[in-house]
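Convert by adding 607 to the 1-based position in the sequence shown; the result is the number in this note's numbering.
All C-beta atoms, glycine included, are put in the ideal place defined by N, C-alpha and C.
Structure record follows, encoded as structure tokens.
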Amino acid sequence: MLPVYPEVKPNPLQDANLCSRVLFWWLNPLFKIGHKRRLEEDDMYSVLPEDRSKHLGEELQGYWDQEVLRAEKDTREPSLTKAIIKCYWKSYLVLGIFTLIEESTRVVQPIILGKIIGYFENYNPTDSAALYKAYGYAGVLSACTLVLAILHHLYFYHVQCAGMRLRVAMCHMIYRKALCLSNLAMGKTTTGQIVNLLSNDVNRFDQVTIFLHFLWAGPLQAIIVTILLWMEIGISCLAGMAVLIILLPLQSCIGKLFSSLRSKTAAFTDTRIRTMNEVITGIRIIKMYGWEKSFADLITSLRRKEISKILRSSYLRGMNLASFFVASKIIVFVTFTTYVLLGNVITASRVFVAVTLYGAVRLTVTLFFPSAVEKVSEAVVSIRRIKNFLLLDEITQCNPQLPSDGKMIVDVQDFTASWDKDLQLLEDGDLTVIGDRGTTLSGGQKARVNLARAVYQDADIYLLDDPLSAVDAEVSRHLFELCICQALYQKITILVTHQLQYLKAASQILILKDGEMVQKGTYTEFLKSGIDFGSILKKENEETEPSTVPGSPALRNRTFSESSVWSQQSSRPSLKDAAPEDQDTENIQVTLSEESRLEGNVGFKAYKNYFTAGAPWLIILFLIPVNIAAQVAYVLQDWWLSYWANEQSALNVTVNGQGNVTEKLDLYRYLGIYSGLTVSAVLFGIARSLLVFYVLVSSSQTLHNQMFESILRAPVLFFDRNPTGRILNRFSKDIGHMDDLLPLTFLDFIQTFLQVIGVVGVAVSVIPWIAIPLVPLGIIFFVLRRYFLQTSRDVKRLESTTRSPVFSHLSSSLQGLWTIRAYKAEERFQELFDAHQDLHSEAWFLFLTTSRWFAVRLDAICAIFVIVVAFGSLILAKTLDAGQVGLALSYALTLMGMFQWCVRQSAEVENMMISVERVIEYTDLEKEAPWEYQKRPPPSWPQEGVVVFDNVNFSYSLDGPLVLKHLTALIKSREKVGIVGRTGAGKSSLVAALFRLSEPEGKIWIDKILTTEIGLHDLRKKMSIIPQEPVLFTGTMRKNLDPFNEHTDEELWNALEEVQLKEAIEDLPGKMDTELAESGSNFSVGQRQLVCLARAILRKNRILIIDEATANVDPRTDELIQKKIREKFAQCTVLTIAHRLNTIIDSDRIMVLDSGRLKEYDEPYVLLQNRDGLFYKMVQQLGKAEAAAVTETAKQVYFKRNYPEITHNGHVVMNASNGQPPALTIFETAL
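Structure representation (structure tokens):
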């Protein structure tokens, strides 16, 4: 079921001509649209057929499978790298030719420059042949410049496409693998890790392909340049080359250090994101327990470790950038110092040929080559991580997948009845969009979507894992009779259940205990042998683990009752996938933050907040002079050389007139000043980069903490409205940008920007009239930049919004893995994933091509500038000396790559500031009420535990519908109150109102204190809750019971013993300090529910709320929980939301809710006297025998409470003879 995209636009690149391909003309229509209005997803061109995710993934998968087989034959580890190389080497090799041509052109330029400067050195106004020759050289120089402008971008575009293909193919393989991981493998990896592979690791492939060719081009170019320099300045060139060669290992050392820091950082980031994921998924529980501070501390400490590593790697990066910035200065300095000290005379042509040649080789050797080494080493780490993941065990596909043609044999008409009522409640009927993991549905509704999905599959065998426990009695009976017995009448159905009343209908009954079969037979056989089911389940002292296949090893560790929770959590209906919804909401959401930015740039406010988060104003203001000083020293150093050369040649001329020997200048004065300038350029360069990094990384830390703080304080509604993926995206991708890329890009931008200013300044000071053509060029540039940024920003936005569904789809697939497999929907989910990937590729493709479109045009502007300077200086030959021309022209040549890089970086900085904006947007979300007020309740409050609801209305959002209406009720001290009602009657909302998960209207008093007048923590920590879906967090058992370390070990063990978990925990290797698997998945649901009970016992609060806590538990555990609650909480006020009436029939009073209103509220027996009452009807729906038993219990309890003198020994005297032993048994054990 691929999402239905509107007919996509065909890709114009497919039939573009050569000229259009080279200059990217085919993109012009897109820019026109982008100029007029915002780009939407429909404007993107479809993916080229060879770039489709399915095609690429299957191609690489084929090579990988071959490699695995070959490795098995040779008994070695399979190598993912080999598979990648086999798959892509041909297409990638061709691109090497581009590199060759481009780098050769770079080497030719300086030689021609030398010839032009030579003309000035031997300037003779009468020699016209020399002038024409010089014009010829200027022409060749211009041609070289234009060739470079075009070739460079074509090459980059193609290598980036290669990177994209590799990344897409990898993602396809990783997802495919994730769908078929075995249980064992699931234990070895976590959702966080898989998401990280897909969000961070594969991105290395985008970068590595860019630089790979420089691994051979770098050394080759260095050799050629050395030869040319030798011809130009002799042996002194070796001194400069020596510096280059010393810098190389230094940089590769930094690279190695960097990658080791990198993998450490990655581990911290993994843990932080995994913890964040748990916090966001379990936020309701964290809020109800008042545990925010504990998690805040946890995340803060993880973040602190991560930041310390990031700061270190940032300083390394800063040194790297600075060394790149000053390398050329040091090299030229060393070369010419040696040259002069060896007794040679400096001339302008030699100086500037050498400077330009070094410039050419420097880029390759000090930037591209080390980058290649760094990116390759990072890619190797990533490939290793991905390979280890791809080698995990898979589940064995026993049977070939049967084709599911979706033929309907069963008529499922009757079945819909149970859903009808609910479908009417939902506003869009069966087209209602369900939130992330079905947040908008109640537990019962999720269970029914699940069941409906199963029936809809029309299989031959049905395994139903306790689908009836999450719904109330009436619906449960309805489902059982109409769906399980009627609709599935022809099918083999295996039903796991705790509800004994349905056993009559079974044709075979299996009773399991600890994964082994206790008894087997039909209902009548059991009755004949006089076995009482209840007693079988009771006598067992262990917890009964319902499981369908007794001996199968796969199910032993993880019982079925566990996976029932999985399937419930993940019941995202696969009939209508939520992909479009995710995009829309993400879009709406991003659109909201975009609206203000549509006009121009990221607001100044964002920059201000970003900088001030990192450091006080003083430091920020201090950054400015440091930057300027660095740049001035940089230019002065070159200017001093040209001045020196001019002075020298002036001497030569005058002296030669007299026919004398060349005089030497005062060497030490010139050298001294030269050295001083070099040293200051180096020092300022390094100081500046470290300072910038320090400020920006600190600001990333501050903003992360503010955002996290703000998320913790956001009301629950925020989490219902925003899918986990979107919130996580802020913490992973956006914070990742701020930690890693933004500081680097920012510093790079500042450096190159100042250099561009320097170049233009030098050119204008040499040939003032250059300012004239500069003006129109500048105007063209600004218009171009604005024109480009309008489109580019939209493209970038589309890229990030189309990326979200890829992650959402991955994480919901991982959470619903069991369901996907049970329905053999792997194919369909894989196709969906590919569709999401292709949509992202469309955006990514535009992102690559639009930036190249812009870069080609920018370099054209630079080329014009170079041409103007070259020909201009020839026209004005009379007024200029060689040193000035050399300086102006060699600077103009460096402008080529640098200018477009500067502008691209400025656009990048703006684009990445979107991440900062997105983070800042989350730093001031609407907040819940404060956690503590000035007015704090006395520490012993609530002593009585009296709860009063006074005309309470409640809705989850300001504009949402009321879910509780005019509720007024009094719950007395130590009273046990049961709360019943149909699904969606407002039972859980009552709890939400009590805990103030959203602010209720009306008044709720607890022991004469208004709940709205005290802080949320003061309120929530004083009530214990046992939630419907038990949540454990990764970490130790101790942390799960007592995150604030408020209790002694003894208390913890006692609590565990009370809930009969002591043995289970003692068997763990580290006892209470054993790390739990992700979300505690190594415990069954029953055990997790018991942990929640242990938490409640530890808290010793006066008020206990139980939210359908026993819905997913077998009667045995259920009874244990009930018993513990009666023992431990006898002195407490207990509110129980229940589906099974027998669990609450002995309550003091029962509240009956119906669509948000309190309909009945009295003692159970009294309610049962009203034949028209809702409660009476609910009891009757249990079936005759059960109803009688429940009524009897209610009667017993009523008389015992109100007329104790009539009863003795726990038997009701007047009823002793009417022969209902079961009722009495229930009654005795119930107390």
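Between which two residues does the beta strand (DSSP E) holding L948 run? Looking at the DSSP string, L948 is not in any beta strand (DSSP E); the run it does join, the alpha helix (DSSP H), is 899–948.
Start and end of the alpha helix (DSSP H) containing M1785? 1781–1787
Element boundaries [beta strand (DSSP E), containing E1001]: No beta strand (DSSP E) holds E1001; DSSP gives it neither H nor E.
Proximity of I1633 and C1739 at Cβ, strictly below 7 Å: no
W1376, buried or exposed, once every other Cβ within 10 Å from all chains shown has been counted against 16: exposed
Leaving aside the five residues before and after V1299 along the sequence, list all residues of the same chain whose C-beta is less than 8 Å from its C-beta, in chain order. G925, L1230, P1350, F1353, L1354, I1357
Burial state of S989, where buried means 16 or more other Cβ atoms lie within 10 Å: buried
Report the three-state DSSP secondary structure of H1311 (helix, strand or coil). helix
Backbone secondary structure at W1660 - three-state DSSP: helix
According to DSSP, simplified to helix, strand and coil, what is H779? helix
Taking the alpha carbon of L1310 as the reference point, which residue from T1530, I1712, C751 has its own alpha carbon closest? T1530
For S1296, which residues of its own chain have a beta-carbon under 6 Å away from its beta-carbon, when the five flanking residues on both sides are left out? G925, L928, A929, L1354
Alpha helix (DSSP H) segments (min. 4 residues) lying fully within the stretch 1337–1408: 1349–1373
When the Cα atoms are used, what is the spatial distance from L1453 to L835? 41 Å
To the nearest angstrom, how far is it from the Cα of K1629 to the Cα of S789? 43 Å
From Y670 to P656, what distance separates their C-alpha atoms? 20 Å
L1668 by DSSP, collapsed to three states: which one? coil
Three or more beta-carbon pairs under 8 Å between the stretch 1426–1444 and the stretch 623–643, yes or no? no
According to DSSP, simplified to helix, strand and coil, what is Q1126? strand
Who are the near neighbours of A1514 in its chain, counting only those whose CB is closer than 7 Å to its CB and skipping five residues on each side? L1396, S1399
Whole angstroms are fine: how far does the CA of V1239 sit from the CA of V1286? 13 Å
Contact set for W1612: own chain, Cβ-Cβ below 8 Å, skip 5 residues either direction: V1553, V1554, V1555, D1557, T1618
Sequence-distant residues of its chain with Cβ nearer than 7 Å to L923 (five each side left out): I861, L864, F865
In this structure, how does DSSP classify F1556 when only helix, strand and coil are distinguished? strand
With a CB to CB cut of under 6 Å and the five nearest residues on each side skipped, what residues in its chain are close to L667? C694, A776
With a threshold of 6 Å (Cβ to nearest heavy atom), would N1253 be considered close to the ligand SAM? Absence of the ligand SAM is noted for the structure shown, with no ligands found whatsoever.
Please report the straight-line C-alpha distance between R1435 and S1522, rounded to a whole angstrom. 33 Å
By the three-class DSSP mapping on this structure, what secondary structure does R1764 have? strand
The stretch 1101–1111 in contact with the stretch 1064–1078 per 3-pair CB rule at 8 Å: yes
Counting Cβ pairs, one atom from each stretch, are 3 or more of them under 8 Å apart for the stretch 1753–1772 and the stretch 1592–1602? yes
Determine whether the beta carbon atoms of I1713 and E1665 lie at a separation below 7 Å. no
Which partner residues does D1714 have in the DSSP bridge list? I1744
So does the stretch 1330–1347 actually touch the stretch 1532–1552, counting three or more Cβ pairs closer than 8 Å? no
Could you give the C-beta distance for Y1768 and R1756, rounded to a whole number, given that I count them as a contact under 8 Å? 6 Å
Any idea what DSSP makes of E1193, helix, strand or coil? Residue confidence is low: E1193 scores 30 on pLDDT, short of 50, so the model does not pin down where it sits. No coordinate-derived value is stated.
Quick check: what's the CA-CA separation for G1050 versus K1615? 34 Å
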